[in-house]
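Visitor: The sequence shown begins at 282 in this note's numbering and counts up one residue at a time. A virtual CB, placed ideally from N, CA and C, is assigned to each residue, including glycine.
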Amino acid sequence: MSSADKRYYLTTPIYYVNFKPHVGTSYTTILADVATRHQRFLGMDAMFVTGSDEHSQNIADLAAAAGKTPLAYCDEVIPKFRECWQACRIDDYRFERTSDERHHALVRTFWQRIYDRGDVYKGQYSGWYHTSDNRFLDEDEVPENPESHPRLKFITEEAYYFKLSEYQDWLLKFHEACPEFIVPDFRRNEMLNRIEGGLKDICISRSGTDWGIRLPWDEGHVFYVWIEALLTYMTGSGFDIGAFEKTFVDGKSSEVREPLWETTRADLATQPDTNYWPCDLHLMAKDIPWFHVVIWPAMLASYGAPLPKQALVHGYWNFDGEKMSKSLGNVVDPYDAIALVGVDGLRYFLMREVPLGLDGNFNYEALISRFNYDLANDLGNLVHRTVSMVHQNFEGKVPEVLAVTDLDEQIERQRRDTIDGVLEKYQGLRYSEMLQDLWALIGEANRYIDEKKPWELKKNPERRDEIATVFNRLVNLIRTVLLLAAPVIPEGASKFWQILNFEGDPATMGVGSLQQSVPAGHQLNPSEPVYRRLDLNKMKEESQAQAAAAEAAKPAEKPAAPAADADNESGANVITIDDFVKVQLRVAQVLKAEKVEKADKLLCLQLDDGMGGRQILAGIAEYYKPDDLVGRHVVIVANLAPRKLRGLMSEGMVLAASDSEGRLALISPAGEVSNGAEVR
Numbered sequence: 282m283s284s285a286d287k288r289y290y291l292t293t294p295i296y297y298v299n300f301k302p303h304v305g306t307s308y309t310t311i312l313a314d315v316a317t318r319h320q321r322f323l324g325m326d327a328m329f330v331t332g333s334d335e336h337s338q339n340i341a342d343l344a345a346a347a348g349k350t351p352l353a354y355c356d357e358v359i360p361k362f363r364e365c366w367q368a369c370r371i372d373d374y375r376f377e378r379t380s381d382e383r384h385h386a387l388v389r390t391f392w393q394r395i396y397d398r399g400d401v402y403k404g405q406y407s408g409w410y411h412t413s414d415n416r417f418l419d420e421d422e423v424p425e426n427p428e429s430h431p432r433l434k435f436i437t438e439e440a441y442y443f444k445l446s447e448y449q450d451w452l453l454k455f456h457e458a459c460p461e462f463i464v465p466d467f468r469r470n471e472m473l474n475r476i477e478g479g480l481k482d483i484c485i486s487r488s489g490t491d492w493g494i495r496l497p498w499d500e501g502h503v504f505y506v507w508i509e510a511l512l513t514y515m516t517g518s519g520f521d522i523g524a525f526e527k528t529f530v531d532g533k534s535s536e537v538r539e540p541l542w543e544t545t546r547a548d549l550a551t552q553p554d555t556n557y558w559p560c561d562l563h564l565m566a567k568d569i570p571w572f573h574v575v576i577w578p579a580m581l582a583s584y585g586a587p588l589p590k591q592a593l594v595h596g597y598w599n600f601d602g603e604k605m606s607k608s609l610g611n612v613v614d615p616y617d618a619i620a621l622v623g624v625d626g627l628r629y630f631l632m633r634e635v636p637l638g639l640d641g642n643f644n645y646e647a648l649i650s651r652f653n654y655d656l657a658n659d660l661g662n663l664v665h666r667t668v669s670m671v672h673q674n675f676e677g678k679v680p681e682v683l684a685v686t687d688l689d690e691q692i693e694r695q696r697r698d699t700i701d702g703v704l705e706k707y708q709g710l711r712y713s714e715m716l717q718d719l720w721a722l723i724g725e726a727n728r729y730i731d732e733k734k735p736w737e738l739k740k741n742p743e744r745r746d747e748i749a750t751v752f753n754r755l756v757n758l759i760r761t762v763l764l765l766a767a768p769v770i771p772e773g774a775s776k777f778w779q780i781l782n783f784e785g786d787p788a789t790m791g792v793g794s795l796q797q798s799v800p801a802g803h804q805l806n807p808s809e810p811v812y813r814r815l816d817l818n819k820m821k822e823e824s825q826a827q828a829a830a831a832e833a834a835k836p837a838e839k840p841a842a843p844a845a846d847a848d849n850e851s852g853a854n855v856i857t858i859d860d861f862v863k864v865q866l867r868v869a870q871v872l873k874a875e876k877v878e879k880a881d882k883l884l885c886l887q888l889d890d891g892m893g894g895r896q897i898l899a900g901i902a903e904y905y906k907p908d909d910l911v912g913r914h915v916v917i918v919a920n921l922a923p924r925k926l927r928g929l930m931s932e933g934m935v936l937a938a939s940d941s942e943g944r945l946a947l948i949s950p951a952g953e954v955s956n957g958a959e960v961r
């Protein structure tokens, strides 16, 4: 196999950096990490790319509200993504930024060739632009009264178009020839139905903004964010577009095959050894396959570059049956999950809980139950029972296989069969099924112990040889499980590996190590707990007690009491310094302000509090227009218990003064202070 054939390249979407990572973005990135680890286990030179999609209108608006340049704003947010991936044990990847000059150069070269071949023309665009999704809405997507929608803007401007409509027949042939390009199948059918319904030319530029990559043939325009962000996959792959440009003769590269989708990495003779293009696997959620499986292949076909091999579309994660939404306050922070069950607990839950392609439902009770039953009970108990009894019966040394019964043969056969099934499901990206198979083997091993009853066998000297076989089988089975589970639970697999006193780490072993056996006489270390079972009932009781205490602490509504006598220092309105210091007052800046539906007095504020951002509902709509608040500094109570108002989560309180007539005026710092500064 050539070095080009041994490379494996996959990508996550290039994430918007308008909000810190959540469990949805973590899910996709953990998927990529698991796939990459498995490919390396198979001996492949695997790499995955993730990154930041920075040239959106939403980023420009948020940066302006914060008084920063878009680039400076992104510079502050991007470390949160890197830190989150590190917390999720995502260690070895390439992070690409769309603001990087290497990316700009590739985008301009790529689109200049498409323009030169006549696949781009100038026109005018009018439509509703969604500032959070960073795209124009199709006619059937525009809601009633779009002018009242806080994130929709009607835009009319000069624009350039890509002739996507001319690639309809080509796309149908491509998808017919490559039926495994889109997985799962039902997503493929959705996309084919849309293609067969007819394609429209798409807008690729905007002239009403300066934030973005300028068109090489018209510096008055910048590329539409999605059009250039897709090319990050090529930038991150190490593809040398300059070298590839030199292979074109009469508008076609001499290194590509006909049809284009048959071109492989090995065909690209002029590319450096650091090139991983074409991509083996694009990973994405179900909201963006159209860009990846229709627009992206058409762009590559127009340019004349090799095509990616597969696009996997996964579902959304809901919370307790509801769609996750920042405004509802139910977005799951991966740090919270890791604090509960550790990084392996989160990774295992996300990979095990739902088959790829379908929506998943996240709740903390299910997370804890999965951790307790699968990791602490099944795997943890198997290792503990085995290692402890090897120490009790064989001084911690792995015994050799002596007397072999039918049950011993059966468990060994199940181990070998599981290897084949698990490797097949890994390759098919069927991680939930793969883990079910692996944990079924763990279950069989625990039953094997219960059926063999080694604690009774040792009472009969004539059957001691059977005990030796039992524990030899079990140690080898556990070794197999750790090797196969390591891409999903790298931390625990490594700790169990150390207990078994094996050299190296399961994450660095190759697939050939599955054929190796633990030698008789190998010394095991003493057992110690790796996954500690959580008391779910106790946690529920504590949570209920905290909720009850918070409810009891809410001030009761009552008529205003008469003013205390001025010299009565023990009056009801007097507090101690200890009471006062409990209140955390901080400066925050308003990034967005919106009216709350069916609530005349409430505004929903998105704030930069210097601590990751928060949402607060404030009863100031009678006195302030939303647009007038954007960019303003306010003082907030930062440690007030969150509560829901009108179905939206409010995470604090904005301070305001009121005069004798009840008019409100927001409290603001008199001078320049940083967001998050404490008010003393």
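Taking only runs that begin and end inside the stretch 579-659, name each unbroken beta strand (DSSP E) of 3 or more residues, in chain order.
Guide: 592-595, 598-600 and 641-643
Visitor: Would you check if the distance between the CB atom of GLY610 and the CB atom of MET930 is smaller than 7 Å?
Guide: Numbered from 1 along the sequence shown, position 329 holds the residue referred to as residue 610. Numbered from 1 along the sequence shown, position 649 holds the residue referred to as residue 930. Yes, the pair counts as a contact, with Cβ atoms nearer than the cut-off.
Visitor: What does DSSP give as the partner residue(s) for GLY404 in the beta ladder?
Guide: Within the sequence shown, numbered from 1, the residue matching residue 404 stands at position 123. GLY404 is bridged to ALA440.
Visitor: Would you mind reading off the limits of the beta strand (DSSP E) that contains HIS502?
Guide: As a first step, residue 502 must be located in the sequence shown, where it is residue number 221. HIS502 -> beta strand (DSSP E) spans 499-504.
Visitor: Any chance the stretch 550-562 sits against the stretch 425-438, with 3 or more Cβ pairs inside 8 Å?
Guide: no
Visitor: Please classify ARG633 as buried or exposed, where buried requires at least 16 other C-beta atoms within 10 Å of its C-beta.
Guide: Working through the sequence shown from its first residue, we reach residue 633 at position 352. That one is buried.
Visitor: Distance check for ILE901 and LEU945, CA to CA, integer angstroms please.
Guide: Taking the sequence shown and counting its residues from 1, one reaches residue 945 at position 664. Taking the sequence shown and counting its residues from 1, one reaches residue 901 at position 620. If I take the Cα positions, the gap works out to 7 Å.
Visitor: Measure from the alpha carbon of VAL671 to the alpha carbon of each residue in LEU866, ILE748, ARG469 and GLY724, then state which is nearest.
Guide: For the purposes of this step, residue 671 is identified with residue 390 of the sequence shown, where counting begins at 1. Cα-wise, what sits closest to VAL671 is ILE748.
Visitor: Could you tell me whether the stretch 377-397 touches the stretch 581-591, where touching means 3 or more Cβ pairs closer than 8 Å?
Guide: yes
Visitor: Measure how close the beta-carbons of PRO771 and ARG370 come, nearest whole angstrom, since I'm counting them as under 8 Å.
Guide: In the sequence shown, counting from the first residue as 1, residue 771 sits at position 490. In the sequence shown, counting from the first residue as 1, residue 370 sits at position 89. Contact flag correct, Cβ pair sits at about 5 Å.
Visitor: With distances taken between CB atoms, is the gap from ARG711 to ILE311 smaller than 7 Å?
Guide: Locating residue 711 in the sequence shown gives position 430, where the first residue counts as 1. Locating residue 311 in the sequence shown gives position 30, where the first residue counts as 1. Cβ distance not < 7 Å, so ARG711 and ILE311 don't count as in contact.
Visitor: Measure the Cβ-Cβ separation of GLN887 and LYS876 and say whether it is below 7 Å.
Guide: Taking the sequence shown and counting its residues from 1, one reaches residue 887 at position 606. Taking the sequence shown and counting its residues from 1, one reaches residue 876 at position 595. The criterion of a C-beta distance shorter than 7 Å is not satisfied by GLN887 and LYS876.
Visitor: Expressed to the nearest angstrom, what Euclidean distance is found between the alpha-carbon atoms of LEU323 and THR317?
Guide: The residue labelled residue 323 in the question sits at position 42 within the sequence shown. The residue labelled residue 317 in the question sits at position 36 within the sequence shown. In a straight line, the C-alpha of LEU323 is about 10 Å away from that of THR317.
Visitor: Exposed or buried, what is GLU457 when buried is set at 16 or more other beta-carbons lying within 10 Å of its beta-carbon?
Guide: On the sequence shown, residue 457 is found 176 positions in, with the first residue counted as 1. With fewer than 16 other Cβ atoms inside 10 Å of its own Cβ, GLU457 counts as exposed.
Visitor: Say whether the stretch 586-595 touches the stretch 458-468, bearing in mind that this needs 3 or more beta-carbon pairs closer than 8 Å, one atom from each stretch.
Guide: yes
Visitor: Among ASP659, GLU732, HIS665 and LYS434, which residue has its Cα nearest to the Cα of GLN691?
Guide: Working through the sequence shown from its first residue, we reach residue 691 at position 410. Selected option, being the one with the closest Cα: GLU732.
Visitor: Look at the alpha carbon of THR306 and the alpha carbon of TYR597, and state the distance between them as a whole number of angstroms.
Guide: By one-based count along the sequence shown, residue 306 stands at place 25. By one-based count along the sequence shown, residue 597 stands at place 316. Between THR306 and TYR597, the C-alpha separation is close to 10 Å.
Visitor: In angstroms, rounded to a whole number, what distance separates the CA positions of LYS839 and LEU921?
Guide: As a first step, residue 839 is located in the sequence shown; it is residue number 558 there, counting from the start. As a first step, residue 921 is located in the sequence shown; it is residue number 640 there, counting from the start. The pLDDT assigned to LYS839 is 46, lower than 50, so where the model puts this residue is not dependable; a value taken from the coordinates is nonetheless given after this. So the alpha carbons of these two residues sit roughly 21 Å apart.
Visitor: Indicate whether ILE262 and LEU795 have their beta-carbon atoms separated by less than 7 Å.
Guide: As displayed, the chain neither begins before 282 nor continues past 961, which places residue 262 out of reach and without an answer.
Visitor: Taking ASP908 as the reference, give the member of LEU683, ARG432 and GLY501 with the closest Cα.
Guide: For the purposes of this step, residue 908 is taken as the residue at position 627 of the sequence shown. The shortest C-alpha separation from ASP908 is found at ARG432.
Visitor: Which same chain residues end up closer than 7 Å to ILE569 when comparing Cβ atoms and leaving out the 5 residues on each side of it in sequence?
Guide: In the sequence shown, the residue the question calls residue 569 occupies position 288. Answer for ILE569: PRO294, listed in chain order.
Visitor: To which residues of the same chain is GLU509 closer than 6 Å at the C-beta, ignoring the five residues directly before and after it?
Guide: Walking along the sequence shown from the start, residue 509 turns up at place 228. So the qualifying residues of the chain are VAL388 and ILE494.
Visitor: Which of the three DSSP states, helix, strand or coil, is assigned to LYS876?
Guide: What you label residue 876 is simply residue 595 of the sequence shown in a count that begins at 1. Reduced to three states, the DSSP call for LYS876 is strand.
Visitor: Starting from HIS336 and walking both ways along the beta strand (DSSP E), at which residues does that stretch end?
Guide: Counting from one through the sequence shown, the residue named residue 336 turns up at place 55. Run containing HIS336: none; DSSP gives neither H nor E here.
Visitor: Taking LEU445 as the reference, which of ARG961, ILE780, ASP381 and VAL574 has the closest Cα?
Guide: To locate residue 445, count along the sequence shown from 1; it is residue 164. Nearest C-alpha to LEU445 among ARG961, ILE780, ASP381 and VAL574: VAL574.
Visitor: Assign ALA951 to one of two classes, buried (16 or more other C-beta atoms within 10 Å of its C-beta) or exposed (fewer than that).
Guide: To locate residue 951, count along the sequence shown from 1; it is residue 670. With a threshold of 16 other beta carbon atoms within 10 Å, ALA951 falls short and is exposed.
Visitor: Cβ of PHE643 within 7 Å of Cβ of GLY626?
Guide: Residue 643 sits at position 362 when you count from the first residue of the sequence shown. Residue 626 sits at position 345 when you count from the first residue of the sequence shown. The Cβ atoms of PHE643 and GLY626 lie no closer than 7 Å to each other.
Visitor: Give me the Cα-Cα distance between ASP450 and ASP482, rounded to the nearest whole angstrom.
Guide: Position 169 of the sequence shown holds residue 450. Position 201 of the sequence shown holds residue 482. Going by the C-alpha atoms only, they are around 14 Å apart.
Visitor: I need the straight-line Cα distance from ASP640 to PRO465, nearest angstrom please.
Guide: In the sequence shown, the residue the question calls residue 640 occupies position 359. In the sequence shown, the residue the question calls residue 465 occupies position 184. When rounded, the distance between both Cα atoms is 13 Å.
Visitor: Which partner residues of TYR290 appear in the DSSP bridge assignment?
Guide: Translated into positions along the sequence shown, residue 290 becomes position 9. DSSP, once it has assigned bridges, lists MET328 as partnering TYR290.
Visitor: Just to confirm the assignment, what range does the alpha helix (DSSP H) spanning ASN393 have?
Guide: Numbered from 1 along the sequence shown, position 112 holds the residue referred to as residue 393. It is worth fixing the name first, because residue 393 is Gln in this sequence and not Asn. Element bounds for GLN393: 382-397.
Visitor: Quick one: complete alpha helix (DSSP H) runs, 4+ long, within the stretch 673-725?
Guide: For the stretch 673-725, whole alpha helix (DSSP H) runs of length 4 or above, ordered along the chain, are 687-708.
Visitor: What number of angstroms, rounded off, separates the C-alpha of PHE300 from the C-alpha of GLU364?
Guide: Numbered from its first residue, the sequence shown carries residue 300 at position 19. Numbered from its first residue, the sequence shown carries residue 364 at position 83. So the alpha carbons of these two residues sit roughly 14 Å apart.
Visitor: If the criterion is Cβ atoms closer than 7 Å, does the pair ILE730 and VAL664 meet it?
Guide: The count along the sequence shown starts at 1 and reaches residue 730 at position 449. The count along the sequence shown starts at 1 and reaches residue 664 at position 383. Taking 7 Å as the Cβ cut-off, ILE730 and VAL664 do not qualify as a contacting pair.
Visitor: For TRP492, which three-state DSSP category applies?
Guide: To locate residue 492, count along the sequence shown from 1; it is residue 211. Note: TRP492 maps to coil in three-state DSSP.
Visitor: Quick check on this structure: which residue in ASN474, GLU357, MET605 and LEU452 has the alpha carbon closest to the alpha carbon of PRO578?
Guide: Within the sequence shown, numbered from 1, the residue matching residue 578 stands at position 297. Of the candidates ASN474, GLU357, MET605 and LEU452, the one whose C-alpha sits nearest the C-alpha of PRO578 is LEU452.
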